[in-house]
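According to mature numbering (1 follows the signal peptide of the UniProt record, and there is no 0), the stretch in the sequence shown is residues -22 to -1, 1 to 324, in order.
Even for Gly, the Cβ is constructed at its ideal location relative to N, Cα and C.
No experiment lies behind these values; they were computed from the predicted model shown.
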Amino acid sequence: MRKFTKLIGAATLALASAAVGANTDLDIDRQARNLWHDAILAGYQSLATNAADFSRAAQNYCESPDQASRRNAEQAWRRAFLAWQKVRFVDFGPVENNNLAWQFQFWPDPKNLIAKKARYLVKSEDGVTQELVAQSGVAVQGFPMAEYLLYDKQMNASDKALPATNTCELLVAVADHIAANSDTLSSEWQSLREHFLDTDQYSDATIKAGMAGLEILEERRLAQPMGMRGNGKRSKYDADAWRSGSSLMAVEASLNGLRTYFLPGLSLLLDNSDKPALSQSIKRQFDEVLEHFPEMRAPMEVMLQDDSFAQLQGLYVDVSQLVVLVTDQAAVELGVARGFNSSDGD
């Protein structure tokens, strides 16, 4: 009887230990989601704040156009655009509603639809309204359209250049659209909190989003303009934000966003895995990649030249090593399989 009692006691202790371990794992997983939710919310709130600033700056410029207000509008556009780059990797949740990600940034744009739509709209005899922008599709509604109006050389040399009436109306309507979407995104993400924390699948979704963000950065935002993918020719036009010379600043912002909003939750999971040292390796690699900046905030066109190309290659190699650490090692350790990402543009 005593032997039987001892067996029951041992079995009960084993089950209790297993339950504690499971609860601990669940707690850690939930803690990681808590870190991710709050960090991404901070990123979305920053986007909303900077987008509102851009909206006001565009309005101020069009009401009182001069060099100072134009410069303020351009700077406000860049701050808002870079705030978007920091949270651009999040490809699930509210940003999927109504194609919000594409509304913020229509890219890639191999057919130059942004220029075609802008030229059509600024010739409208009825003027440009927010309603027209809302009905005109994602190529019109986001940061690339505003960039075109502010920075495109041919546009700025034409009789429709800012502060022409229709062009200003388009700029203000687009800026307002970005600001409204940013507010919506921030509010809806905040409302998602409890569901996000209670849903295990969001852990995998967040890790996959970080993986995809890094892979797109490596393959499309760097390798493609460097001539390492596609037709094999170097071309600034394959980069995003080439008109404003912000392509590499956008890369830096995305890397900073991943380090700030994605890495803490990933590190928590890895620190409690069988390979805790991997967390430190990824942190060091993020630091190494970001050491290329601020020297590489130059326009992509400049960095594609032979005398600067080696620096760009160095950045690419470091990003590739970061991709391997996250997608081939961390994700495997955490049991997350690489999946298809619709924002890749292929």
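To the nearest whole angstrom, what separates the beta carbons of residue 120 and residue 83, a pair I think is in contact under 8 Å?
On the sequence shown, position 142 is the one that residue 120 refers to. On the sequence shown, position 105 is the one that residue 83 refers to. Correct: roughly 5 Å between the Cβ atoms.
Using 8 Å as the cut-off, can you tell me whether the stretch 221 to 232 makes contact with the stretch 62 to 73, which would need three or more C-beta pairs spanning the two stretches below that distance?
Flag = yes, the stretch 221 to 232 and the stretch 62 to 73 touch.
Would you say residue 280 reaches chain C, if we count a Cβ-Cβ gap shorter than 8 Å as a contact?
Among the chains of the structure shown, chain C does not appear; only one protein chain is present.
If we count the other Cβ atoms within 10 Å of its Cβ and call it buried at 16 or more, is residue 5 buried or exposed?
Along the sequence shown, one-based indexing puts residue 5 at 27. It is exposed - the Cβ of residue 5 has fewer than 16 other Cβ atoms within 10 Å.
Distance between residue 221 and residue 253 (C-alpha atoms, nearest Å):
Residue 253 sits at position 275 when you count from the first residue of the sequence shown. Residue 221 sits at position 243 when you count from the first residue of the sequence shown. Computed Cα separation, rounded: 43 Å.
Unbroken alpha helix (DSSP H) runs of length 4 or more, entirely within the stretch 224 to 302: which are they?
Within the stretch 224 to 302, the complete alpha helix (DSSP H) runs of at least 4 residues fall at 225 to 235, 241 to 249, 255 to 268, 278 to 281 and 284 to 301.
Can you tell me whether DSSP reads residue 177 as helix, strand or coil?
As a working mapping, residue 177 is identified with position 199 in the sequence shown. Coil, per DSSP.
Just to confirm my understanding: we take residue 102, look at its own chain, exclude 5 residues before and 5 after, and list those with CB closer than 8 Å. What are they?
The residue labelled residue 102 in the question sits at position 124 within the sequence shown. Contacts found: 110 and 144.
In chain order, each alpha helix (DSSP H) run of at least 4 residues that lies wholly inside the stretch 43 to 82:
List check, alpha helix (DSSP H) in window: 45 to 65 and 78 to 82.
Distance between residue 295 and residue 200 (C-alpha atoms, nearest Å)
The sequence position of residue 200 within the sequence shown is 222, counting from 1. The sequence position of residue 295 within the sequence shown is 317, counting from 1. Roughly 10 Å separates the two Cα atoms.
Residue 71: which of 284, 266 and 166 sits nearest, CA to CA?
For the purposes of this step, residue 71 is taken as the residue at position 93 of the sequence shown. Sorting 284, 266 and 166 by C-alpha distance to the C-alpha of residue 71 places 166 at the top.
Can you list, in chain order, the residues of its chain whose CB lies under 7 Å from that of residue 308, leaving out five sequence neighbours each side?
As a working note, residue 308 is residue 330 in the sequence shown. The residues are 244, 248, 256 and 260.
Cα separation between residue 190 and residue 42?
As a first step, residue 190 is located in the sequence shown; it is residue number 212 there, counting from the start. As a first step, residue 42 is located in the sequence shown; it is residue number 64 there, counting from the start. Spanning the two alpha carbons is a distance of roughly 43 Å.
Beta-carbon spacing of residue 214, residue 279 below 8 Å:
In the sequence shown, counting from the first residue as 1, residue 214 sits at position 236. In the sequence shown, counting from the first residue as 1, residue 279 sits at position 301. Contact: yes.
Between the Cα of residue 310 and those of 149, 98, 186 and 100, spot the shortest distance and give me the residue it belongs to.
Locating residue 310 in the sequence shown gives position 332, where the first residue counts as 1. Out of 149, 98, 186 and 100, 186 has the C-alpha closest to the C-alpha of residue 310.
Between residue 10 and residue 32, is the Cβ-Cβ spacing less than 8 Å?
By 1-based counting over the sequence shown, the position of residue 10 is 32. By 1-based counting over the sequence shown, the position of residue 32 is 54. No, the Cβ-Cβ distance between residue 10 and residue 32 is not below 8 Å.
Residue 300 CB to nearest heavy atom of the ligand MG below 7 Å:
With respect to the ligand MG, the structure shown offers nothing to examine, as it has no ligands at all.
When you compare only the Cα positions, how much space is there between residue 98 and residue 77?
Here residue 98 refers to the residue found at position 120 of the sequence shown. Here residue 77 refers to the residue found at position 99 of the sequence shown. Looking at the two C-alpha atoms, the distance is approximately 23 Å.
Do residue 127 and residue 96 have their C-beta atoms closer together than 8 Å?
Along the sequence shown, one-based indexing puts residue 127 at 149. Along the sequence shown, one-based indexing puts residue 96 at 118. Yes.
Residue range of the alpha helix (DSSP H) that residue 110 falls in?
Here residue 110 refers to the residue found at position 132 when the sequence shown is read from its first residue. Residue 110: member of the alpha helix (DSSP H) spanning 108 to 113, first to last residue.
Using only the alpha-carbon positions, how far apart do residue 140 and residue 54 sit?
For this step, residue 140 is matched to residue 162 along the sequence shown. For this step, residue 54 is matched to residue 76 along the sequence shown. Cα atoms of residue 140 and residue 54: separation of roughly 16 Å, rounded to the nearest angstrom.
Going by beta-carbon coordinates alone, are residue 348 and residue 108 separated by less than 8 Å?
This structure cannot settle anything about residue 348, because the visible part of the chain is limited to -22 through 324.
Report back the beta-carbon spacing between residue 204 and residue 268 to the nearest angstrom; my notes put them in contact at under 8 Å.
As a first step, residue 204 must be located in the sequence shown, where it is residue number 226. As a first step, residue 268 must be located in the sequence shown, where it is residue number 290. In fact, because the Cβ distance is near 19 Å, the residues do not count as touching under 8 Å.
According to DSSP, is residue 188 helix, strand or coil?
Translated into the one-based positions of the sequence shown, residue 188 becomes position 210. Helix, per DSSP.
Distance between residue 281 and residue 232 (C-alpha atoms, nearest Å):
Position 254 of the sequence shown, counted from the first residue, corresponds to residue 232. Position 303 of the sequence shown, counted from the first residue, corresponds to residue 281. Going by C-alpha positions, residue 232 is about 18 Å away from residue 281.
How would you label residue 15, buried or exposed, when you count the other beta carbons within 10 angstroms and need 16 or more for buried?
As a working note, residue 15 is residue 37 in the sequence shown. With a 10 Å radius around the Cβ and a threshold of 16 neighbouring Cβ atoms, residue 15 comes out buried.
Select from 179, 192 and 202 the residue whose C-alpha is nearest the C-alpha of residue 303.
Locating residue 303 in the sequence shown gives position 325, counting from the first residue. Checked all of 179, 192 and 202; the closest Cα to residue 303 is 192.
Give the single residue among 275, 313 and 237 whose Cα lies nearest to the Cα of residue 13.
By one-based count along the sequence shown, residue 13 stands at place 35. For the options 275, 313 and 237, the alpha carbon positioned closest to that of residue 13 is the one of 237.
With H, G and I counted as helix, E and B as strand and the rest as coil, what does DSSP make of residue 306?
As a first step, residue 306 is located in the sequence shown; it is residue number 328 there, counting from the start. Of the three classes helix, strand and coil, the one that applies to residue 306 here is helix, per DSSP.
Can you tell me whether residue 134 is helix, strand or coil according to DSSP?
Reading the sequence shown from its first residue, position 156 is the one you call residue 134. Note: residue 134 maps to helix in three-state DSSP.
So residue 175 packs on residue 8, CB below 8 Å; how close in whole Å?
Here residue 175 refers to the residue found at position 197 of the sequence shown. Here residue 8 refers to the residue found at position 30 of the sequence shown. Contact holds; Cβ gap of about 6 Å.
Between the Cα of residue 188 and those of 218, 239 and 208, spot the shortest distance and give me the residue it belongs to.
In the sequence shown, residue 188 corresponds to position 210, counting from 1. The option with the nearest alpha carbon to residue 188 is 239.
Distance, residue 179 Cα to residue 51 Cα
The sequence position of residue 51 within the sequence shown is 73, counting from 1. The sequence position of residue 179 within the sequence shown is 201, counting from 1. Approximately 41 Å, taken between the alpha carbons.
May I ask you to report which of helix, strand or coil DSSP gives residue 103?
On the sequence shown, position 125 is the one that residue 103 refers to. Coil at residue 103, not helix or strand.
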